[in-house]
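S.K.: Pasting a structure here, questions to come.
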Amino acid sequence: MGMKAVIVAEPPQPVVICGPSGVGKGTLIGKLMKDFPDKFGFSVSHTTRSPRVKEIDGVHYHFAARPVMAQEIKEGKFLESAEVHGNLYGTSWAAVEAVADAGKICILDIDVQGAQAVRKSALKATYIFIKPPAPEEMELEKRLRGRGTETEEQIQKRLRGATQELERAKDSTLFDHILVNANLDQAYDDLKALLGLGSPAASAHFNGTAKHPVNGSKMSSNGFSSSENGSSPNGHESVSDHFKHAVGSPRTNGLFLNGSHQSKSNGVMKLSNSMSGNYSHTLPILTSSDLLVGMHSATGSPRAKGISAS
Ligand SMILES: Nc1ncnc2c1ncn2[C@@H]1O[C@H](COP(=O)(O)OP(=O)(O)OP(=O)(O)O)[C@@H](O)[C@H]1O
Ligand SMILES: Nc1nc2c(ncn2[C@@H]2O[C@H](COP(=O)(O)O)[C@@H](O)[C@H]2O)c(=O)[nH]1
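This is the structure we're talking about:
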């Protein structure tokens with residue numbers, strides 16, 4: 001009898017959520033985490049900025065001293081890192097692996113520089129840019145002031161950064177989807193639709209059986225213009241396309257890298273003889289350091305517990 005590899009259901013790949021400061025990324029992600037705690041896991045970033053009043057170390061961020069984080073970046077513990085609004089921010093390999101190991105879809109809330117770096121990395125992901133409604137800068141300013149977490153100087157810095165981010169996001173090769181957060185409930189519904197949650201049409205979309213993104217939502221694929229008028233885009237690559245199975249050489253436990261996915265059991269990957277049910281091949285598991293030159297497998301970070309809606 002011939003050998004047959006066991007088909008293992010693969011978790012959908014990570015979702016990178018970007019957008020200018022104050023657009024509502026954290027609010028939308030918080031809602032997603034609250035409503036779907038078993039489905040999504042938040043990638044807890046590191047940052048050198050000070051914690052806000054309700055922020056908890058290890059839950060919202062890993063708050064780090066700059067010299068320590070800079071050293072860890074040099075050591076290759078980060079998938080990406082960037083200077084944002086005067087502070088260091090970064091996604092550790094450990095943060096993403098923790099979510100993948102828990103069998104959840106990893107959500108990354110990172111800036112455009114981070115998204116560009118992840119695009120260039122071995123991690124395969126889906127990229128969503130959240131945009132404010134027009135007039136964009138005025139709306140962001142209103143929201144940032146309303147949030148009340150930044151000083152006047154910091155608000156001005158973030159608004160300058162926002163203008164740059166909105167410009168950079170026009171690079172249509174970077175984002176798979178653009179979503180306008182005008183009305184929060186509508187934007188949340190749109191986000192859920194993009195992620196294949198909710199209506200049967202959306203599920204079909206998620207499963208790759210629908211040809212186009214869900215109708216009626218204010219989102220677009222790979223472009224700004226169609227997101228402005230709220231029309232539904234047609235014919236573009238959708239999240240479901242990105243969530244299709246990946247094959248190829250494995251990198252690390254449960255993580256999708258470009259052209260790879262791996263599941264691990266006791267340190268060996270198993271192929272099964274379909275007739276006997278016995279495992280007849282065992283392959284050693286390769287880690288990030290095995291396959292990514294200059295990258296080291298990061299350890300020791302606490303597991304993401306999701307974030308609470310703020
Ligand atoms: N659709 C909306 N309409 C009005 N206010 C909103 C909307 N969405 C979010 N907000 C509010 O805007 C403020 C900023 O939201 P949030 O903190 O989620 O932004 P963010 O994109 O995560 O910002 P940052 O990148 O600075 O962390 C919050 O006070 C939030 O309640
Ligand atoms: N490149 C990265 N950007 C990150 C990361 N974590 C958060 N961010 C972005 O920073 C700004 C500011 O965030 P705030 O919490 O201080 O308001 C925002 O755009 C985030 O998306 C990261 O790990 N890498």
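Here full-length UniProt numbering is used: the first residue of the sequence shown is 1, the next is one more, and so on.
For each residue, glycine too, the CB sits at the ideal point set by N, CA and C.
Is it the case that the CB of N87 approaches a heavy atom of ligand 1 more closely than 7 Å?
M.R.: no
S.K.: Hey, is the segment 137-144 in contact with the segment 31-43, meaning 3+ C-beta pairs nearer than 8 Å?
M.R.: Taking one beta carbon from each stretch, the segment 137-144 and the segment 31-43 have fewer than 3 pairs nearer than 8 Å; the two do not touch.
S.K.: Measure the C-alpha to C-alpha separation of T173 and A125 and round it to an integer number of angstroms.
M.R.: The straight-line gap from Cα to Cα measures roughly 13 Å.
S.K.: Might you give, ordered along the chain, the residues of its own chain that have their beta carbon closer than 6 Å to the beta carbon of Y61, omitting 5 neighbours on each side?
M.R.: S45, T47
S.K.: Under 7 Å: does the beta carbon of R145 sit that close to some heavy atom of ligand 1?
M.R.: no
S.K.: Would you call E32 buried or exposed, if buried means 16 or more other Cβ atoms sit within 10 Å of its Cβ?
M.R.: Note on residue identity: the sequence assigns Leu, not Glu, to residue 32. When all chains shown are included, L32 counts as buried.
S.K.: Using the Cβ count rule (16 or more neighbours within 10 Å means buried), how would you classify P14?
M.R.: buried
S.K.: Near L159, what residues of its chain come up, given a Cβ to Cβ distance below 7 Å and the 5 sequence neighbours on each side ignored?
M.R.: E137, L140, E141
S.K.: Where V180 and K4 are concerned, what is the direct C-alpha to C-alpha distance, given to the nearest angstrom?
M.R.: 46 Å
S.K.: A82 by DSSP, collapsed to three states: which one?
M.R.: strand
S.K.: So what's K131 in DSSP terms, helix, strand or just coil?
M.R.: strand
S.K.: If you run the structure through DSSP and keep just helix, strand and coil, what is V15?
M.R.: strand
S.K.: How long is the line joining the alpha carbons of C18 and V6, rounded to whole angstroms?
M.R.: 36 Å
S.K.: May I have a chain-ordered list of the beta strand (DSSP E) segments no shorter than 3 residues that lie completely inside the segment 44-124?
M.R.: Correct list: 45-47, 61-63, 78-84, 87-92, 105-109.
S.K.: Under 8 Å by Cβ, that's how I've got V16 and L108 pegged, so tell me the actual separation to the nearest angstrom.
M.R.: 5 Å
S.K.: For E165 and D171, what's the separation of their Cα atoms in angstroms?
M.R.: Going by C-alpha positions, E165 is about 10 Å away from D171.
S.K.: Starting from G41, follow its DSSP beta bridges and name the residues at the other end.
M.R.: Bridge partners of G41: C106.
S.K.: Mapping the DSSP letters down to three states, classify T149 as helix, strand or coil.
M.R.: Correct three-state label for T149: coil.
S.K.: Please indicate yes or no: does the CB of R158 lie closer than 7 Å to some heavy atom of ligand 1?
M.R.: yes
S.K.: Around the C-beta of L80, are 16 or more other C-beta atoms found within 10 angstroms, so that it is buried, or is it exposed?
M.R.: First, the amino acid is wrong: residue 80 is Glu here, not Leu. E80 should be labelled buried.
S.K.: List the whole-angstrom C-beta distance separating G131 from I178, where the pair is believed to meet the contact cut-off of C-beta under 8 Å.
M.R.: A small correction: the amino acid at residue 131 is Lys; Gly does not occupy that position in the sequence shown. The Cβ separation is near 6 Å, so the contact holds.
S.K.: Tell me which same chain residues have a C-beta within less than 8 Å of the C-beta of A38, skipping the five on either side of it?
M.R.: For the sequence presented, residue 38 should be read as Asp rather than Ala. So the qualifying residues of the chain are K104.
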